[in-house]
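K.L.:
What follows is a single structure, and I will ask about it in a moment.
Quick look at the structure:
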């Protein structure tokens with residue numbers, strides 16, 4: 044959990060520095076990620092937090108071999124008042140959940 048918090052602090056600082064720049068950048072406000080089994084909470088913290096800082100939405104599919112740390116992160120976010128559909132955690136076998144992540148009707152391009 045400490046490593047995830049460290050990533051959040053780094054990303055928040057990067058956003059602050061970016062706002063101080065005079066150049067404009069287009070920020071993608073949606074993140075869809077498939078995370079590895081060995082450090083899914085660190086990766087999720089890093090990707091989700093940056094997306095949420097810019098008022099985006101994140102959809103995360105963690106490996107079926109991973110522990111339920113990302114699921115717990117989702118429960119904590121809901122408990123502290125994060126609105127539904129802002130952070131979506133998918134848990135399931137790779138092909139089925141990955142297909143849902145890639146082709147879900149809510150994904151518009």
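Numbering (our numbering), first residue to last: 44 to 152.
Every residue gets a Cβ at the ideal spot worked out from N, C-alpha and C, and that includes glycine.
Keep in mind the model is a prediction, meaning the values are calculated, not measured.
#1: Residue ranges of each beta strand (DSSP E) run of no fewer than 3 residues wholly in the stretch 71 to 124, ordered along the chain?
#2: How many Å lie between residue 110 and residue 118 at the Cα?
#3: What does DSSP give as the partner residue(s) for residue 130 in the beta ladder?
#4: Under three-state DSSP, which class holds residue 136?
#5: Assuming the contact rule is C-beta atoms closer than 8 Å, residue 72 and residue 97 should be a hit. Round their C-beta distance to whole Å, please.
P.N.:
Judging by the given coordinates:
#1: For the stretch 71 to 124, whole beta strand (DSSP E) runs of length 3 or above, ordered along the chain, are 73 to 78 and 100 to 105.
#2: 14 Å
#3: Looking at the DSSP assignment, residue 130 forms a beta bridge with 101.
#4: Coil.
#5: Taking 8 Å as the upper bound for CB-CB distance, residue 72 and residue 97 are in contact here, some 6 Å apart.
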